[in-house]
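So the sequence lines, in the order shown, correspond to chains A and B. Residue numbering for the first sequence is 1025 to 1523, as defined by the numbering used here. Residue numbering for the second sequence is 7 to 511, as defined by the numbering used here. Beta carbons: idealized from backbone N, C-alpha and C, even for Gly.
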Amino acid sequence: MHALTPELAPVVENGNLLLAVIIPLFGSLVVMTMKKHPNLREFISSCSSVLLFIMVLTFIPAIKAGQTLHFTLFELLPGLSISLRADGFSMIFALVASSLWIIAVYYSMGYMRAHDEPCQTRFNACFALAIFGAIGVAFSDNLLTLYLFYEIVSVCTYPLVAHHQDAESYDGARKYIIYLTTTAKFFLLPAIILIYVLSGSLDFPHSINAGIIPSSAKDWVVIMLYVFCIFGFAKNGVMPFHHWLPGAMVAPTPVSALLHAVAVVKVGVFCTTRTMLYVFGVDVMDKLNLGIPTAYFVGFTIIAASMIALSKDNLKARLAYSTVSQLSYIILGVALLTPHGIEGGLIHIVNHAFSKITLFFCAGAIYIAAHKKYISEMSGLGRTMPFTFGAFAVASLSMIGAPPVAGFVSKWYLLVGSMEASQVGILLILIASTVLNVGYFAPITYKAFFGKRPGGQAETGIKEAPLSMLIPILIAVTISVIIGIYPNFMMQFVRMVIG
Amino acid sequence: MDLLVIKEGFPLLSFLIFFPLAGSLVLLFFHGEEFARRWALAITSLTALFSIPLLTGFDAASTKYQFAEAYKWIPQFHINYIVGMDGISVLLVLLTTFIMPFCVLASWKYIQKRVVQFMFCLLVMETSMIGVFVALDFILFYVFWEFMLIPMYLLIAIWGGPRKAYASIKFFLYTLAGSVLLLVAIIALYLKSGSFFIPEMMWQPYSMTFQVLVFLAFFLAFAIKVPMFPFHTWLPAAHVEAPTAGSVILASILLKMGTYGLLRFCLPITPDATVLLAQPILWLSIAGIIYGGFTALAQHDMKKLIAYSSVGHMGFVTLGIFVLNTRGVEGAILQMINHGVTTGGLFLCVGMIYERTHSRELSLASGVGKYMPWFVTFLAFFSLSSFGFPGTNSFIGEFLVLAGTFEHNIFLALAAIPGAVLAAAYMLRMLQKIVWGGTNNPDQSYLKDLGIREIIVLTPFLLFVFWIGLGPQPFIDLMHGSVTHLLDQFQTWQQHGQVASLLLK
């Protein structure tokens, strides 16, 4: 594996980075003042999402030319600053989060209005704030900035989870915030401080090899720090700290879709993998033999979460456990520490995002159109809602890893990676999980199209979901297919990480 | 006296000390309530303005006591009037002068009876608090230290809540009990060194037994003031009963005198005893951090919650002081300021809600977020700051303290971490209750959001939350010289001690 040498990756100061991070924040502040003008409010939301996406797109030429963009906001102490950077790694997540925000804004407009939800201003404002956090995480230049935006995401998504303000949602939201802040404070805070004490800086280096932990650090300290970092970013859904995610499903479906399939959970895995590669580095992880045990550890999450998913009848709960399982694919890939493994893991950030958001969008559409939450009630529904269930079927193929949908690409790389690492066990985990994926996704589609309607007769009044929801679904699923057939656009950024 | 940089010309420090006192004397002759409010505001604001030259004229590179003044007072007993300021005290003095005007503003409507007397007490308080931080003669220090008790006692006993008698007496007795031994130690030191000049008592070859005894006497006095676990029980009582301004002064400034005392006296006067006894004190700090966290988590009274959180936060300060390295001590001093700003802000917030609901019960204040958006915005930022959210002032303070602790002993630092977790837990719990509540909130629709005066009171606190949080370097630069000087001397002292003990063998 070749590291990107600093000569190849000149660092360029670029103030637009700050602009990109500020767009969603500013959008959110404006939205807050628009309580009385719902149309204008939604217009502002969509404008900021489009602006953000364009802003992220403008970074592409420089990144492609091998540059790293950089911007320092605040210098706190020597070696401790709040600063931003854009490199190949950050582009993977920034592109996903910003593009899906656009789709999600349209979808949630349709959903929230069709459902006549209360407090839509607060909802929109917090939605934008969560994206602000996610983009901040993507563009973080050091561990402190990463931590700052990670915590911003935790706090700003609380109102979204508690949105319905009934006993159930307060309960879910409580669990949500307790899990996320406790793990962050308990594991991350000491890890960050200790890393600062050891190395005098928290800035990420420019290659994935070296890391920033000095070689003088004792082995047990480094291993402890590593374990702290894996558990500290509990948004990554690794067991045993995954419970917040199913609990967060009490939120309105657009939240589950964008945040708990894309923004929030991907913040978790992004932070975890960023730390693995850029704080510890491949060399240290190789030396201390941290990679393969991690892969097996998250392998347990993959299998266990799939098993739990099998047992869930509530569609959103099943999707939530599927998310828990799929997130660990990403960490597993990176933990293999082979080029294809890392590529497979990182590209799965993208692939899983587009497919899973489709699935959640479909779940929301089914709920709005047919008021059904439970899979057992959905048999025969596919014939009434062909587009929704068609999209669902394609996206679940991606989850399973069948060609030509996006998930196939990641699974291919992951399988190659595990062979490179000569880990038969990992190979078996991946295969077993594929079988389980089929087990919990295929029956949904099958029953929807071929199952008998309950009571044997057609329910009246159920129609296909409204267009404002259907269009985002179709866009998301189309992109899922496109990146399955033509993965290179995103792969180029992934390859830059490997060097 | 080469330890002092004598201030030529205008005696700034003396002016700052006695200007509020003079202002309070004027109040004796006037009885208009409105006049008293305005007068107190004018005096405290002017004091704050006049304290700005302390910042601009302060030479951070010098480790001497600056703006010093020395006059003979009672020559027979070598008691002098000596005041001066170094990097350790400069921020504390400024914290005092800048918080006082806001205390006056916070009492504008809150205090409705005996307004003149109330303002009188506030002004006298200010004199004694500034005096404590700048006194360099031990008797002078002691006079200010004890003098402060009376106005504070009155603030609680006259303008306090229903259990004010109990709370004020408890406060008085606890603090007094500590101070008595402090006086004994001061006299013992005088008998050894023949002077009351504090810098001359430092780094003297006292015997170990003598040092330990003096240290313990100091420690008791200061630990009660901090308050360190298990000497903290007066604090929740006093906080709960005190009026808002009293709570703010108590939390923001009075508690800092304890930690200031530990830093100013224990370390340099009894260095060997400090090293000997540092370990138990460090673990006592940890105990305070954890205990304060757990008790705060169980409170239903907002003021009690913040009071117990103070026990935890001050535990971080003592932790930082006794790890005896630069990061730890600088973090501790910064954390003193942070706690003053943040907890001051929190008490002000609670006071504002108390003025509306006439209750400090969390359950009665739940669900106000819908009706008081500005209020909860301020409250949210102060709460985030209180549990060390990155980007706020307390994060930097805790970061430095914990970094220093990690340098000292990794397990000690890990033991403090649950305190940080608990801080997030109780603060978010309070915030959740106040902003959202539950499904059966009391009807809060009669509540009015913050007025202009209240926003003016809270804004500067919030400003400092972010200023220190995002640009702490100027604040650290102010103290850096004095702190490194102190720790250098400490190290030299220890090396000398080791050489001496080797020679004696």
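Q: State buried or exposed for G1508 of chain A, treating a residue as buried only when at least 16 other CB atoms are found within 10 Å of its CB.
A: By the 10 Å Cβ count, G1508 of chain A comes out buried.
(Q) Need the endpoints of the alpha helix (DSSP H) that V427 of chain B sits in, please. (A) Per DSSP, the continuous alpha helix (DSSP H) segment holding V427 of chain B begins and ends at I416 to V441.
**Q.** Length-filtered (3 minimum) beta strand (DSSP E) runs lying within the segment 349-406 of chain B
**A.** Taking 3 residues as the shortest admissible run, the segment 349-406 of chain B contains no complete beta strand (DSSP E) segment at all.
**Q.** Proximal chain A residues relative to V323 of chain B, where beta-carbon distance stays under 7 Å
**A.** Simply none; closest approach about 17 Å.
Q. By how many angstroms is the C-alpha of I1522 of chain A removed from the C-alpha of M1025 of chain A?
A. Residue placement at M1025 of chain A is flagged as unreliable, the pLDDT there being 40, under the threshold of 50; the coordinate-derived value follows with that caveat. Separation of M1025 of chain A and I1522 of chain A (C-alpha to C-alpha, rounded to the nearest whole angstrom) is 7 Å.
**Q.** Exposure label - F328 of chain B; buried when at least 16 CB within 10 Å
**A.** The C-beta of F328 of chain B has 16 or more other C-beta atoms within 10 Å across all chains shown, which makes the residue buried.
Q) Using 8 Å as the limit for Cβ to Cβ distance, is P286 of chain B near chain A? A) For P286 of chain B, no Cβ of chain A is located within less than 8 Å of the residue's own Cβ.
Q.
Between P396 of chain B and chain A, is any beta-carbon pair separated by less than 8 Å?
A. Yes, because at least one Cβ of chain A sits closer than 8 Å to the Cβ of P396 of chain B.
Q. Around the Cβ of T1057 of chain A, are there at least 16 other Cβ atoms within 10 angstroms (buried) or fewer (exposed)?
A. Per the 10 Å Cβ criterion, exposed.
(Q) Given this structure, state the Cα-to-Cα distance separating M1515 of chain A from N1375 of chain A, to the nearest angstrom. (A) The straight-line gap from Cα to Cα measures roughly 11 Å.
Q.
So if I threshold CB-CB distances at 7 Å, which residues from the segment 404-415 of chain B count as touching chain A?
A. Listed by position along the chain: F405, L408, A409, F412 and E413.
**Q.** Where H1094 of chain A falls: helix, strand or coil (DSSP)
**A.** Strand at H1094 of chain A.
Q) Exposed or buried, which one is Q497 of chain B when buried takes at least 16 other CB atoms within 10 Å? A) Taking all protein chains shown into account, Q497 of chain B has fewer than 16 neighbouring C-beta atoms within 10 Å of its C-beta and is therefore exposed.
Q.
So, with DSSP's three-state summary, where would you put H1026 of chain A?
A. The predicted position of H1026 of chain A is uncertain, since its pLDDT is 43 and thus under 50; no value can be drawn from it.
Q) Does any CB atom of chain A fall closer than 8 Å to the CB of M7 of chain B? A) Residue confidence for M7 of chain B is low, a pLDDT of 48 falling below 50, so the modelled location carries little weight and cannot support an answer.
(Q) Contact defined as beta carbons within less than 8 Å: I believe I94 of chain B pairs with L269 of chain B. What is the distance between those atoms, to the nearest angstrom? (A) Sure, about 6 Å apart at Cβ, within 8 Å.
Q: Could you tell me which residues DSSP pairs with F72 of chain B in its beta bridges?
A: Per the sequence presented here, residue 72 of chain B reads as Gln, with Phe not at that position. Its beta-bridge partners are B:M91.
Q. Buried or exposed: where does F1513 of chain A fall if 16 or more other Cβ atoms within 10 Å of its Cβ makes it buried?
A. By the neighbour-count rule (16 or more Cβ atoms within 10 Å), F1513 of chain A is not buried but exposed.
Q. In terms of alpha-carbon separation, which member of B:S201, B:F147 and B:R43 lies closest to Q82 of chain B?
A. It is B:S201 whose Cα lies nearest to the Cα of Q82 of chain B.
Q | C-beta atoms of G1368 of chain A and S1422 of chain A nearer than 8 Å | A | No, they are not a contact pair.
Q | Whole-angstrom distance between I1424 of chain A and F1465 of chain A, CA atom to CA atom | A | Their backbone Cα atoms lie some 8 Å apart in a straight line.
Q.
Please classify N446 of chain B as buried or exposed, where buried requires at least 16 neighbouring CB atoms within 10 angstroms.
A. With fewer than 16 other Cβ atoms within 10 Å, it is exposed.
Q) In the structure shown, what three-state DSSP assignment does L1041 of chain A receive? A) Helix at L1041 of chain A.
Q | Within 8 Å, strictly: CB atoms of P100 of chain B and S57 of chain B | A | The sequence given here has Leu at residue 100 of chain B, not Pro. The criterion of a C-beta distance shorter than 8 Å is satisfied by L100 of chain B and S57 of chain B.
(Q) Whole angstroms are fine: how far does the CA of F1050 of chain A sit from the CA of L219 of chain B? (A) Roughly 60 Å between the two C-alpha positions.
**Q.** Straight-line gap, L1028 of chain A to T1169 of chain A (C-alpha atoms, nearest Å)
**A.** Any reading at L1028 of chain A needs caution, since the residue's pLDDT is 45, under 50, leaving its predicted position unreliable; the model's value is listed next. The C-alpha of T1169 of chain A is placed about 23 Å away from the C-alpha of L1028 of chain A.
Q: Can you give me the Cβ contacts of I343 of chain B inside the same chain, cut-off strictly under 6 Å, excluding the 5 residues immediately before and after it?
A: So the list reads L97 and L101, once near-sequence residues are dropped.
Q | Where K78 of chain B falls, given that 16 or more other Cβ within 10 Å makes a residue buried | A | Exposed is the call here.
Q | Residues near T181 of chain B in its chain [Cβ-Cβ closer than 8 Å; skip 5 each side] | A | Within the same chain, T181 of chain B has close Cβ partners L155, I230, K231 and W240.
Q: From the DSSP output, in three-state form, read off S57 of chain B for me.
A: Coil at S57 of chain B, not helix or strand.
Q: Could you have a look at I12 of chain B and say whether DSSP puts it in helix, strand or coil?
A: In the three-state scheme derived from DSSP, where H, G and I count as helix and E and B as strand, I12 of chain B is classed as strand.
Q) Looking at chain B, which residues of the segment 1214-1236 of chain A have a Cβ within less than 7 Å of any of its Cβ atoms? A) Result list: P1214, I1217, L1218, Y1220 and V1221.
Q.
For a test of the three-state rule: what should DSSP assign to H1446 of chain A, helix, strand or coil?
A. Position check: residue 1446 of chain A holds Ser in this sequence, whereas His was assumed. Note: S1446 of chain A maps to coil in three-state DSSP.
Q. Residues of chain B with a CB under 8 Å from the CB of T1325 of chain A: which are they?
A. The premise fails here: T1325 of chain A is roughly 23 Å from chain B at the closest Cβ pair, so nothing lies under 8 Å.
Q: Name, in chain order, the residues that DSSP records as bridge partners for D1227 of chain A.
A: DSSP output for D1227 of chain A lists A:N1166 as bridge partner(s).
Q) Going by other Cβ atoms of all chains shown within 10 Å of its Cβ, with 16 needed for buried, is F144 of chain B buried or exposed? A) Burial call: buried.
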